[in-house]
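These notes concern the structure reproduced below.
Numbering (the numbering used here), first residue to last: 575 to 760.
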């Protein structure tokens with residue numbers, strides 16, 4: 575019965591987070607520990623109390639964050655925006671570097687078309703949201719993936735272009751008359 579009360583208190587917090595639900599959950603854990611102290615079956619009791627304790631820590635941290643957000647919503651929003659912007663910048667920088675590497679690698683694709691198409695496909699790394707085009711002598715020579723941005727209107731070595739449906743990051747590498755364009759769409 576004590577385990578059921580503990581689980582129900584945790585479920586009550588999930589449904590409507592509050593300090594009262596956290597305290598009820600903590601009380602349920604204490605009751606469960608006291609009720610099963612002399613039990614012969616040790617492992618189920620230890621496992622339940624360990625998982626319950628971990629959940630209690632997580633719930634208490636979430637409740638503390640909720641209280642902080644309620645006390646100063648603008649500061650909390652600014653912190654979330656700052657963290658989100660920094661995370662987005664890291665992801666975009668990493669993706670731009672990966673796009674540049676793949677575009678440079680595409681310049682080394684074989685001159686035989688079948689092998690070039692296979693090589694272009696392998697440069698996509700099996701990711702459906704990526705595409706690559708190799709242009710030789712001003713003409714698309716090999717490509718892989720779904721192109722969602724106009725290939726001929728991409729400027730600069732790295733950039734982003736928006737369409738009505740997609741945001742496309744791209745990288746362009748060149749050697750002589752060869753150009754490789756790598757895209758990531760989201």
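C-beta: ideal position from N, C-alpha, C; glycine also.
From a predicted model like this one, the values you see are computed outputs, not experimental measurements.
Find the nearest neighbour of residue i within the set the options, judged by alpha-carbon distance.
i: residue 581; options: 647, 649 and 629; result: 629
i: residue 731; options: 685, 671, 665 and 710; result: 671
i: residue 577; options: 591, 608, 690 and 646; result: 608
i: residue 625; options: 690, 739, 600 and 654; result: 600
i: residue 699; options: 644, 756, 737 and 660; result: 756
i: residue 587; options: 644, 632, 623 and 615; result: 632
i: residue 590; options: 615, 640 and 618; result: 640
i: residue 720; options: 695, 579 and 660; result: 695
i: residue 726; options: 754, 701 and 615; result: 754
i: residue 750; options: 735, 712 and 742; result: 712
i: residue 610; options: 702, 669, 575 and 643; result: 575
Check this for me: beta carbons of residue i and residue j, under 8 Å apart or not?
i: residue 716; j: residue 728; result: no
i: residue 697; j: residue 723; result: no
i: residue 740; j: residue 733; result: no
i: residue 747; j: residue 681; result: yes
i: residue 637; j: residue 604; result: no
i: residue 621; j: residue 602; result: no
Can you give me the start and stop residues for the beta strand (DSSP E) that residue i sits inside?
i: residue 714; result: 713-718
i: residue 709; result: 704-710
i: residue 743; result: 741-749
i: residue 736; result: 732-736
Give the range of the alpha helix (DSSP H) segment to which residue i is assigned.
i: residue 664; result: 647-680
i: residue 692; result: 687-697
What is the C-beta distance between residue i and residue j, in whole angstroms, given that I count them as a contact (C-beta under 8 Å)?
i: residue 752; j: residue 704; result: About 20 Å separates the two Cβ atoms, so there is no contact after all.
i: residue 596; j: residue 634; result: 6 Å
i: residue 585; j: residue 598; result: Going by Cβ atoms, the distance from residue 585 to residue 598 rounds to 11 Å, so no, they are not a contact pair.
i: residue 706; j: residue 718; result: 5 Å
i: residue 627; j: residue 619; result: Wrong, their Cβ atoms sit about 12 Å apart, outside the cutoff.
Say yes only if the C-beta of residue i is nearer than 7 Å to one or more non-hydrogen atoms of the ligand NAD, and no if none qualify.
i: residue 697; result: Absent from the structure shown: the ligand NAD. Ligands present: none.
### Task
Please go through the stretch 587-631 and give each complete alpha helix (DSSP H) segment of 4 or more residues, from N-terminal end onward.
593-609
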